[in-house]
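Position in the sequence shown (first residue = 1) + 39 = UniProt numbering. Structure first, then comments.
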Amino acid sequence: GFSWKLKDHPKLAKGKTVAVVVLDGWGEANPNQYNCIHVADTPTMDSLKKGAPERWRLVKAHGTAVGLPSDDDMGNSEVGHNALGAGRIYAQGAKLVDIALETGKIYEGEGFKYIKESFVDGMLHLIGLLSDGGVHSRFDQLQLLLKGASEHGAKRIRVHILTDGRDVSDGSSVGFVESLENDLAKLCEKGIDAKIASGGGRMYVTMDRYENDWDVVKRGWDAQVLGEAPHKFKSALEAVKKLRESPGANDQFLPPFVIVDDNGKAVGPIVDGDAVVTFNFRADRMVMLAKALDYEKFDKFDRVRFPKIRYTGMLQYDGELKLPSHYLVSPPEIERTSGEYLVHNGIRTFACRQVVRRYCLFLLLLFETVKFGHVTFFWNGNRSGCFNPDMEEYVEIPSDIGISFNAKPKMKALEIAEKARGAILSRKFDQVRVNLPNGDMVGHTGDVQATIVACKAADEAVKVSLLRMILDAIEQVGGIYVVTADHGNAEVMVKRNKKGEPLLDKDGNVQILTSHTLQPVPIAIGGPGLAPGVRFCQDLPGAGLANVAATVMNLHGFEAPSDYEPTLIEVYDE
Ligand code: 3PG
Ligand code: CO
40 GFSWKLKDHP KLAKGKTVAV VVLDGWGEAN PNQYNCIHVA DTPTMDSLKK
90 GAPERWRLVK AHGTAVGLPS DDDMGNSEVG HNALGAGRIY AQGAKLVDIA
140 LETGKIYEGE GFKYIKESFV DGMLHLIGLL SDGGVHSRFD QLQLLLKGAS
190 EHGAKRIRVH ILTDGRDVSD GSSVGFVESL ENDLAKLCEK GIDAKIASGG
240 GRMYVTMDRY ENDWDVVKRG WDAQVLGEAP HKFKSALEAV KKLRESPGAN
290 DQFLPPFVIV DDNGKAVGPI VDGDAVVTFN FRADRMVMLA KALDYEKFDK
340 FDRVRFPKIR YTGMLQYDGE LKLPSHYLVS PPEIERTSGE YLVHNGIRTF
390 ACRQVVRRYC LFLLLLFETV KFGHVTFFWN GNRSGCFNPD MEEYVEIPSD
440 IGISFNAKPK MKALEIAEKA RGAILSRKFD QVRVNLPNGD MVGHTGDVQA
490 TIVACKAADE AVKVSLLRMI LDAIEQVGGI YVVTADHGNA EVMVKRNKKG
540 EPLLDKDGNV QILTSHTLQP VPIAIGGPGL APGVRFCQDL PGAGLANVAA
590 TVMNLHGFEA PSDYEPTLIE VYDE
């Protein structure tokens, strides 16, 4: 039968403090002026690379290596942290939705049958990110869903769009709205009443995450459900074009708007009897809206009206919370993650000052609010909460709210680093897992200068959290570090053609890349607790993030389960 018990590693000892540091959005790319990691002064990360070539390498962090449909898909934090924690590669939401749409199975599922009951008298509302970024949603999936829903009986359809500019270029919203309006016009020719009903920029409207700022969700609710917004337009194309004209405006932060008819009445508020689908497959930025749509009891903001609707998510966003209770496609079943194994194998004997004490394995997870779920929820296979609260501690450093992070590119990196250092030195924790968000959060703003400052701050934070551990090791903790990243971002800040030359816009300026990248990410291991013979294997050139889990288990003195992707390390007898 199945057992949680892990085999002891034949060569590596237990009881070492292992610091696992994830630099969010930190890839490896050719050095040039738009590689902010290269331009920034990053002595700590440079020294990890140069100091021990056999303990530094690159791993894949995009495409099929992390369960995405193709190798043209950039990495992202959901799939990256999933792979880091699960140690195996799962077909991810993007892929599962593709399959469900291709085979038509989506229309045979419980979720679709459920919303279909509303098609007779009610309207079908589709809410989500209008983008082909493939991180949270994909435009072609929305197109197929519109077509399929209309073929399966939806007569009145309203789309509530969220403009992107984060996973795709800023300004691309205009093209997406044009295409969508075309598609909707074609549906209208077939006698279906199909329109865009509301919109807003993803970072200002609806797509907050980890309960950072409920006002974001409220702004969306007012537009989508109540049909109220500060800006009213006759068409969505006009809306995005006009709203983009105000100084400093961009796709990510467009204010909320509603589309109104000739009498000034909103064309698509959500009312009793309607069906609603949130068409993002990725969970983090849909969970808050899903709660507002699904929960009878709700006190995060005043919903004013709570319509009796049939609501389904594209996926179920949280398996623990069963949220939402209805969904079109089943999410990947990520189980037996490394965190759960480690918690089950946590009892260890720890000798300290001649007194032999029984110790439990404790995991300490450190992060800013904006990345809360990355090293917890995503790492644990999209599972919220602890496996065993006696053994895990989550420490959240509140993120600044209501600002764009290029204004404060250092974010809370130093606070995180200092907490991490304190935690390591306390010796209370077997594993201290840290997410440093700077390269990613500032990289997404497209502000090259601020991203350089952000990369420097993240590098400094790695130093602060690990330096003491290294210097004071023999006396103190004798620990091990693993420094890696979840996907690229800050290392490529410009779009390039096939030849690698920066692309220019019509005014001759370089086209800024706000999104993640296809680049591999570094992983470095070291520290005084690392057995001297440990080095990276030479025979895993194609390894990716999923190989990290087995590696970390080894560093805790365990063999990984046999179905995990192979460990990156081998131990040489010296
Ligand atoms: C976001 O949600 O901020 C971006 O779309 C993806 O960034 P992340 O994968 O780094 O969270
Ligand atoms: Co990101």
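Beta carbons are placed, not taken as given, at the ideal position from N, Cα and C, and that holds for glycine. In this text the structure is predicted, and so the values were computed from the model without any measurement.
So with Cβ pairs under 8 angstroms, would you call Thr56 a contact of chain B?
The structure shown has no chain B; it contains just one protein chain.
On the DSSP bridge list, what partners appear for Tyr520?
In DSSP, Tyr520 forms a bridge with Ala58, Gly565.
With a threshold of 7 angstroms (Cβ to nearest heavy atom), would Ser116 be considered close to ligand 2?
Yes; taking the cut-off as 7 angstroms, the Cβ of Ser116 has a heavy atom of ligand 2 nearer than that.
Taking the straight line between their C-alpha atoms, what separation do you get for Lys410 and Met450?
If you take the alpha carbons of Lys410 and Met450, they lie about 12 angstroms apart.
Just to confirm before moving on: does the CB-CB distance between residue 26 and Gly568 stay below 8 angstroms?
Because the chain spans 40 through 613 in this model, residue 26 falls outside it and cannot be assessed.
Does DSSP put His483 in a helix, in a strand, or in coil?
Of the three classes helix, strand and coil, the one that applies to His483 here is coil, per DSSP.
Can you give me the start and stop residues for the beta strand (DSSP E) that Gln182 sits inside?
Segment 178–190 is the alpha helix (DSSP H) holding Gln182; no beta strand (DSSP E) there.
With DSSP as the reference, identify every bridge partner of Arg205, one or two as the case may be.
According to DSSP, Arg205 bridges with nothing at all.
Could you check which residue in Asp209, Asn427, Ser364, Pro92 has the C-alpha nearest to that of Glu149?
Glu149 has its Cα closest to that of Ser364, out of Asp209, Asn427, Ser364, Pro92.
Considering Cα atoms alone, identify which of Ala500, Val521, Ile76, Phe158 is closest to Gln558.
The residue with the shortest Cα to Cα distance from Gln558 is Ile76.
Using CA coordinates, which residue listed in Arg324, Val516, Ala233 is at the minimum distance from Phe417?
Considering only alpha carbons, the answer is Arg324.
Say the cut is 7 angstroms; is the CB of Gly64 nearer than that to a heavy atom of ligand 2?
Answer for Gly64: yes, Cβ within range of ligand 2.
Let me know the secondary structure DSSP gives Phe426 once reduced to three states.
Three-state result, Phe426: coil.
Tell me whether the beta-carbon of Val57 lies closer than 8 angstroms to the beta-carbon of Gly518.
In contact: Val57 and Gly518 (Cβ atoms closer than 8 angstroms).
For my contact list, Ser423 and Glu379 are in at a C-beta cut-off of 8 angstroms; report their separation, rounded to the angstrom.
In fact, because the Cβ distance is near 13 angstroms, the residues do not count as touching under 8 angstroms.
So Ala585 and Ala130 are in contact, right, with Cβ under 8 angstroms, and what is the actual spacing, rounded?
Rounded, the Cβ-Cβ distance is 13 angstroms, inconsistent with contact.
Taking a contact to mean a Cβ-Cβ separation below 8 angstroms, would you say residue 614 touches Ala500 in this structure?
The chain is shown from 40 up to 613; residue 614 falls before or after that span and cannot be answered.
Using DSSP's beta-bridge definition, name the partner residues of Gln470.
Paired residues: Val57, Leu402.
Quick check: what's the CA-CA separation for Ala314 versus Val198?
Going by the C-alpha atoms only, they are around 12 angstroms apart.
Can you say whether Val118 is buried or exposed, counting buried as having 16 or more other CB atoms within 10 angstroms of its CB?
Looking at its Cβ environment, which holds 16 or more other Cβ atoms inside 10 Å, Val118 is buried.
Are three or more beta carbon pairs between the segment 337–350 and the segment 256–267 nearer than 8 angstroms?
At 8 angstroms Cβ cutoff, the stretches touch.
Take Val216 and list the residues in its own chain whose beta-carbon comes closer than 6 angstroms to its own, dropping the five residues that flank it on each side.
Counting only Cβ-Cβ distances below 6 angstroms, and skipping sequence neighbours, we find Ala275, Leu276, Val279.
Met592 lies in the alpha helix (DSSP H); which residues open and close that run?
587–594 is the extent of the alpha helix (DSSP H) around Met592.
Per DSSP, Gly240 is paired with what?
Thr202, per the DSSP bridge assignment.
For Gln291 versus Gly204, is the C-beta distance shorter than 8 angstroms?
Cβ distance < 8 angstroms, so Gln291 and Gly204 count as in contact.
So which of Leu165, Gly266, Ala288 has the shortest CA-CA distance to Ala233?
Comparing Cα-Cα distances from Ala233 to each of Leu165, Gly266, Ala288, the minimum goes to Leu165.
For Thr606, I'd like the list of residues in its chain whose CB is within less than 8 angstroms of its CB, leaving aside the five on either flank, ordered along the chain.
Excluding positions up to five away in sequence, the list reads Cys576, Asn586, Ala589, Thr590, Met592, Asn593, Ala599.
By the DSSP assignment, the beta strand (DSSP E) with Gly352 in it spans what residues?
Note, Gly352: beta strand (DSSP E), 349–354.
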